[in-house]
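Those protein sequence lines, which keep their order, are chains A and B.
For the first sequence, position 32 matches number 31 in numbering that gives the first Met the number 0, and the numbering has no gaps at all.
For the second sequence, position 125 matches number 124 in numbering that gives the first Met the number 0, and the numbering has no gaps at all.
Quick reminder that beta carbons are idealized off the backbone N, C-alpha and C, glycines included.
What follows is a set of notes on a single structure, which appears directly below.
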Amino acid sequence: MNPRVILTAAIIPLALIIAAVPQERDTHYKLTPDEMLAEVNSRERFISPDMVARMIVDGDPSFRLIDVRPADEFADYSLPDAINLPLADLLSESYRDIIDQDIRINIFYSNGTLSANEAWILTRQMGYRNNYVLEGGLNYWFENILNPSPPPDTSPSEEFARYDFRKAAAEALRGGSLPTPVIESTVPPPQMPEISRSATRRTVAGGC
Amino acid sequence: MGPLVIYEVISENINLLTAFIIGTAFGWVLESSGFSSSRKLAGVFYGYDMVVLKVFFTAAVTGMLGLLFMSLFGWIDLSLVYVNPTFLTSAIAGGVVMGAGFIMGGFCPGTSFSAAAIGKIDAMVFIVGLFIGIGLFGAGYSIWQELYLAADMGHLKISDSLGMSDGLFALLLILAASAIFYFAEMVERKFASHRL
């Protein structure tokens, strides 16, 4: 028999199979339960309040604060330049470009860390990257960044450096006169997480 | 599981190395199938040799079926596979320019490199022309920028724009390909005497 006829006879049934299979359009859920558990247990999603304070004071453009509390709480108080994206509306299509991007670091925050963690788990499960959680939430922020208490005299010098930084940052964040906060410490400043770029947006060359 | 580079199963460098190996194999297969002959390639326009049409259509059908089955088995996430954006106007204009160059030069870009690799002087001249064309395009970009970027339809798939599943579109395309191959061979027989 003509090999072309054999090939055609083999390919058309395959095409019939693939045409009959329902297409899975909904490929949102990227992580298996095991992977999700590992991610939840890892603390990589947390960004320390000191780092956030430093970025706010420095005017760092590479991050965005996202307040996941309801709109009325956001109206009462919010961090500088934060945007409000209530947890209940997180999956709304109009917010998709904000939480699914590879341009900057998103930092979710809420009063504690519960809502921010929930927002992070949702976005992670959707397969989005570059979303993080403000460690300790606003409560910790108030107690330790805006109203830092001096460490005991016997503390190591890093503690004092951190206290000085927090005091200066609190001044700057309240909009007072702005003494540039300086950390005189041998401890290297914490590193920002790297922005992970989505490989799907790379271009490819084609042609024959 | 796939795409391998996105799920970081292989590194970016291994990805490029794999592309290099596949590209080399592609060039070798092109050459050994006679695609380094501009007479064979031009045949598709004169009607006496439709092998170019059949080979590239078969490659597309094979790749399409392979990807759809791999997606069905969960081996590759098609939503992460890059789809070239469609710029309709420049696709048509580029197709006309490329087709005209194909008829005049007897090569398409890939086959010209394959032919130059075995020392064909016409292919080397074709490659010089190709780079002159690239240079002119870049130098005059501001003139045709508007045309180049017109009718941006985004990362569009034909199946999506027709509102059908990828699988159904694949079936229709394969049926169409079978009909086109049958027709192409009729044309070949009719124009066999026009061979260059």
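Cβ-Cβ separation, residue j to residue i (assumed contact under 8 Å), whole Å
{"i": "D96(A)", "j": "A81(A)", "result": "At roughly 17 Å, the Cβ-Cβ gap does not stay under 8 Å, so D96(A) and A81(A) are not in contact."}
{"i": "I144(A)", "j": "R161(A)", "result": "Between R161(A) and I144(A) the Cβ distance is about 10 Å, and since that is not below 8 Å, they are no contact."}
{"i": "V20(A)", "j": "G166(B)", "result": "6 Å"}
{"i": "R38(B)", "j": "L195(B)", "result": "5 Å"}
{"i": "L146(B)", "j": "T88(B)", "result": "6 Å"}
{"i": "K119(B)", "j": "S35(B)", "result": "6 Å"}
{"i": "S158(B)", "j": "F168(B)", "result": "4 Å"}
Environment of residue i [buried if 16+ CB atoms lie within 10 Å]
{"i": "A74(A)", "result": "exposed"}
{"i": "G65(B)", "result": "exposed"}
{"i": "E134(A)", "result": "buried"}
{"i": "S141(B)", "result": "exposed"}
{"i": "A204(A)", "result": "Its pLDDT being 49, under 50, A204(A) is placed unreliably in this model, and the value from its coordinates should be taken loosely. By the 10 Å Cβ count, A204(A) comes out exposed."}
{"i": "G162(B)", "result": "exposed"}
{"i": "N129(A)", "result": "buried"}
{"i": "I98(A)", "result": "buried"}
{"i": "G73(B)", "result": "exposed"}
{"i": "F125(B)", "result": "buried"}
{"i": "Y127(A)", "result": "buried"}
{"i": "D48(B)", "result": "buried"}
{"i": "W140(A)", "result": "buried"}
{"i": "I17(A)", "result": "buried"}
{"i": "V4(A)", "result": "exposed"}
{"i": "W143(B)", "result": "exposed"}
{"i": "L64(A)", "result": "buried"}
{"i": "R201(A)", "result": "Because R201(A) carries a pLDDT of 48, less than 50, the predicted location of this residue cannot be relied on, and the following value inherits that uncertainty. It counts as exposed."}
{"i": "A176(B)", "result": "buried"}
{"i": "I102(B)", "result": "exposed"}
{"i": "A9(A)", "result": "exposed"}
{"i": "Y76(A)", "result": "exposed"}
{"i": "S176(A)", "result": "The predicted position of S176(A) is uncertain, since its pLDDT is 47 and thus under 50; no value can be drawn from it."}
{"i": "I20(B)", "result": "exposed"}
{"i": "G132(B)", "result": "exposed"}
{"i": "T112(A)", "result": "buried"}
{"i": "S192(B)", "result": "exposed"}
{"i": "Y181(B)", "result": "exposed"}
{"i": "G104(B)", "result": "buried"}
Cutoff 7 Å: residue i Cβ touching any chain A Cβ
{"i": "I102(B)", "result": "no"}
{"i": "S164(B)", "result": "yes"}
{"i": "I173(B)", "result": "yes"}
{"i": "L66(B)", "result": "no"}
{"i": "A183(B)", "result": "no"}
{"i": "L148(B)", "result": "no"}
{"i": "D151(B)", "result": "no"}
{"i": "S32(B)", "result": "no"}
{"i": "S177(B)", "result": "yes"}
{"i": "L71(B)", "result": "yes"}
First through last residue of the alpha helix (DSSP H) which encompasses residue i
{"i": "L15(B)", "result": "E11 to S31"}
{"i": "N40(A)", "result": "P32 to N40"}
{"i": "Y139(A)", "result": "G136 to Y139"}
{"i": "F56(B)", "result": "V50 to L71"}
{"i": "L77(B)", "result": "Counting along the chain, L77(B) falls outside any alpha helix (DSSP H), and DSSP gives it neither H nor E."}
{"i": "K166(A)", "result": "S156 to R173"}
{"i": "F86(B)", "result": "Element bounds for F86(B): n/a, residue is neither H nor E."}
{"i": "I126(B)", "result": "I120 to A138"}
{"i": "A41(B)", "result": "S37 to Y45"}
{"i": "I120(A)", "result": "L113 to Q124"}
{"i": "L195(B)", "result": "L195(B) -> no alpha helix (DSSP H), and no H or E assigned at all."}
{"i": "V51(A)", "result": "P48 to D57"}
{"i": "A9(A)", "result": "P2 to A19"}
{"i": "F112(B)", "result": "P108 to A116"}
{"i": "I161(B)", "result": "Strictly speaking, residue 161(B) in this sequence is Leu, with Ile absent from that position. Residues I157 to L161."}
{"i": "D71(A)", "result": "A70 to D75"}
{"i": "I97(A)", "result": "R95 to I98"}
Unbroken beta strand (DSSP E) run spanning residue i, endpoints
{"i": "F182(B)", "result": "Unbroken run through F182(B) is the alpha helix (DSSP H), D165 to K189; no beta strand (DSSP E)."}
{"i": "S133(A)", "result": "In the sequence as displayed, the identity of residue 133(A) is Leu instead of Ser. Element bounds for L133(A): N130 to L133."}
{"i": "F62(A)", "result": "F62 to D66"}
{"i": "N105(A)", "result": "I104 to Y108"}
Closer than 7 Å to chain B by CB, residue i
{"i": "L13(A)", "result": "yes"}
{"i": "Q22(A)", "result": "yes"}
{"i": "A231(A)", "result": "Past the edges of chain A, shown from 0 to 207, lies residue 231(A), and the structure says nothing about it."}
{"i": "I17(A)", "result": "yes"}
{"i": "I10(A)", "result": "yes"}
{"i": "T122(A)", "result": "no"}
{"i": "T7(A)", "result": "yes"}
Interface flag, residue i vs chain D, CB-CB below 7 Å
{"i": "A169(B)", "result": "Looking at the structure shown, chain D is missing, and the protein chains on hand are A and B."}
Open item on the list: Three Cβ pairs or more, each shorter than 8 Å: is that satisfied between the segment 130 to 137 of chain B and the segment 25 to 34 of chain B?
Closed with: no
TODO: Give a yes or no on contact between the segment 46 to 64 of chain B and the segment 111 to 130 of chain B, applying the rule of three or more CB pairs nearer than 8 Å.
DONE: no
- [ ] Could you tell me whether the segment 52 to 64 of chain A touches the segment 86 to 106 of chain A, where touching means 3 or more Cβ pairs closer than 8 Å?
- [x] yes
Task: contact_flag[the segment 39 to 49 of chain A, the segment 86 to 93 of chain A] where n(CB pairs < 8 Å) is 3 or more - done: no
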